Amino acid sequence: MYVDDWITGQDTREETLFMSRHAKNFMKEAGMEMRKWISNDTGLMAQWVAEGFDTHPMDASIRVAPLKAVTLPRLELLGALVATRLSSRVQEIVRKKKECKVFHWTDSKIVLFWIKGSSKRWKQFVANRVQEISKLTDPDSWFHCSGQDNPSDFLSRGLIVDTLISNNK
Numbered sequence: 001m002y003v004d005d006w007i008t009g010q011d012t013r014e015e016t017l018f019m020s021r022h023a024k025n026f027m028k029e030a031g032m033e034m035r036k037w038i039s040n041d042t043g044l045m046a047q048w049v050a051e052g053f054d055t056h057p058m059d060a061s062i063r064v065a066p067l068k069a070v071t072l073p074r075l076e077l078l079g080a081l082v083a084t085r086l087s088s089r090v091q092e093i094v095r096k097k098k099e100c101k102v103f104h105w106t107d108s109k110i111v112l113f114w115i116k117g118s119s120k121r122w123k124q125f126v127a128n129r130v131q132e133i134s135k136l137t138d139p140d141s142w143f144h145c146s147g148q149d150n151p152s153d154f155l156s157r158g159l160i161v162d163t164l165i166s167n168n169k
């Protein structure tokens, strides 16, 4: 067995310590010394040093390049995906008692265009999210509501509750 680089992750520091000790011993028994242990958790790095692990300090030469900024339409698509996941779970619960028809609304014409189109038409980021939205909802259940008419935005525009109650929109 030959391992050039091994990358893994755990949920907790304790799990990581357990895994790293086990992996180090396993590889040592096979005649291979694991070196250059690295983590962004300084406490974990200190523990490894205390236990004699060959650690490799993080420096600028190994940092990941920053991701490009996420555009507003992509953020709105993520919002639609979160709403879809939530809606799907709520429907699972409600439909045990009563069948219901669900409508989904977005104030983004771009997101609506993406959802109503085939996921194969879009680049990977959009395609993956549109594909999941299409699996969980019927694209025909999606509609546009302009930001001006969106009742969920009224309070964020400073509309007082009495005006909201009497608003016919």
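If you're matching positions, the sequence shown starts at 1 in full-length UniProt numbering and goes up one per residue.
Backbone N, C-alpha and C fix where the C-beta goes; we use that ideal spot for every residue, glycine too.
Please read these numbers as outputs of a predicted model, since none were measured by experiment.
Nearest-angstrom Cβ-Cβ length linking residue 43 and residue 74, presumed shorter than 8 angstroms: With 8 angstroms as the limit, residue 43 and residue 74 do not qualify as a contact, their Cβ atoms being about 35 angstroms apart.
Cβ separation of residue 139 and residue 116, assumed to be a contact under 8 angstroms, to the nearest whole Å: Right, their Cβ atoms sit about 5 angstroms apart.
N- and C-terminal bounds of the alpha helix (DSSP H) containing residue 125: From DSSP, the alpha helix (DSSP H) with residue 125 extends over 124-136.
Minimum C-alpha distance to residue 48 - residue among 16, 97 and 129: Nearest in C-alpha terms to residue 48, of all of 16, 97 and 129, is 16.
Paired residues, beta bridge with residue 37 - DSSP: Partner(s): 55.
Chain-order list of residues whose beta-carbon lies under 6 angstroms from that of residue 20 (same chain, five-residue window excluded): In the same chain as residue 20, and ignoring 5 residues on each side of it, no C-beta atom comes closer than 6 angstroms to its own.
Top-ranked residue by Cα proximity to residue 70, from 88, 55, 81 and 125: Per the Cα distances, 125.
Sub-8 angstroms separation of residue 86 and residue 132 beta-carbons: The answer is no: Cβ separation not under 8 angstroms.
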